[in-house]
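Chemist:
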Amino acid sequence: MKAALRPVRLQVHAVVIVCTDDHWESVQLQFPNTRPGIFRGRQFLSRNWGTKRFVFLRAGESLVALAATTQFGIDRWNPGIILTTSHSPAVDEVCGLNGVPIEPEPITAASLESSVSAALKPVSTPTAEEDEPF
Numbered sequence: 758m759k760a761a762l763r764p765v766r767l768q769v770h771a772v773v774i775v776c777t778d779d780h781w782e783s784v785q786l787q788f789p790n791t792r793p794g795i796f797r798g799r800q801f802l803s804r805n806w807g808t809k810r811f812v813f814l815r816a817g818e819s820l821v822a823l824a825a826t827t828q829f830g831i832d833r834w835n836p837g838i839i840l841t842t843s844h845s846p847a848v849d850e851v852c853g854l855n856g857v858p859i860e861p862e863p864i865t866a867a868s869l870e871s872s873v874s875a876a877l878k879p880v881s882t883p884t885a886e887e888d889e890p891f
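Here the numbering used here runs 757 ahead of the position in the sequence shown, where the first position is 1.
#1: Do the segment 837 to 850 and the segment 820 to 827 meet, that is, are 3 or more Cβ pairs less than 8 Å apart?
#2: Quick one: grab the DSSP three-state call for residue 837.
#3: Below 8 Å CB to CB, which residues in the same chain sit around residue 805 once its five sequence neighbours on both sides are set aside?
#4: Would you say residue 839 and residue 859 are within 7 Å of each other, going by their C-beta atoms?
#5: Could you check whether the Cβ of residue 811 sits closer than 6 Å to any heavy atom belonging to the ligand ATP?
#6: Going by DSSP, which residues form a beta bridge with residue 908?
#7: Can you tell me whether DSSP reads residue 791 as helix, strand or coil?
#8: Please go through the same chain and pick out, in chain order, the residues whose beta-carbon is closer than 7 Å to the beta-carbon of residue 776, but skip the five residues on each side of it.
#9: Specify the secondary structure class of residue 777 as computed by DSSP and reduced to three states.
#10: Is it buried or exposed, residue 796, if we count other Cβ atoms within 10 angstroms and call 16 or more buried?
#11: Nearest to residue 855 by CA position, among 835, 814, 809, 778, is which residue?
#12: Roughly how many whole angstroms lie between the Cα atoms of residue 774 and residue 871?
#13: Looking only at its chain, what residues have a beta carbon closer than 6 Å to the beta carbon of residue 857, apart from the 5 residues adjacent to it on each side?
#14: For residue 863, count neighbouring C-beta atoms within 10 Å of its own C-beta (all shown protein chains included) and say buried if the count is 16 or more, exposed if not.
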């Protein structure tokens, strides 16, 4: 049985794990005309940056809540990358187990426009010439 392809409009580039209530309030203030969706008890917002779709997913502050929310976001949306509003070893562990890359620098919830745009820039990979010192 073949897996169905998802329509392009439903593909999620990144899930942003919003780690605290203060960060969630900052995210909501930046999208004033949007009512959060609720899926299985978790609030989320969906936004597009250019052609990339981002889902902002509200998490709790405990390690268990962060890990569970991260796993939920990966299972539900199958993102290409995970972003967070603050660093957490629990999120790192879940991303590692699922093989989903995580942005090493947390984004700033108070200024999403600039921090998400910075996260969209591709990371340069070293060429073969740069890898070998001789």
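Built from N, CA and C at the ideal position, the CB exists for glycine as well.
Modeler: On the basis of the coordinates in this document:
#1: With contact defined as three or more Cβ pairs closer than 8 Å, the segment 837 to 850 and the segment 820 to 827 are in contact.
#2: Looking at residue 837 - three-state DSSP - the assignment turns out to be coil, as it is neither helix nor strand.
#3: 811
#4: In this structure, residue 859 lies closer than 7 Å to residue 839 by Cβ.
#5: As far as ligands go, the structure on display features none, and thus does not contain the ligand ATP.
#6: Missing from the structure shown is residue 908; the chain here goes from 758 to 891 and no further.
#7: coil
#8: Hits under 7 Å: 816, 818, 823, 841, 842, 843, 845.
#9: coil
#10: exposed
#11: 835
#12: One alpha carbon belongs to residue 774, the other to residue 871, and they sit about 17 Å apart.
#13: 831, 839
#14: buried
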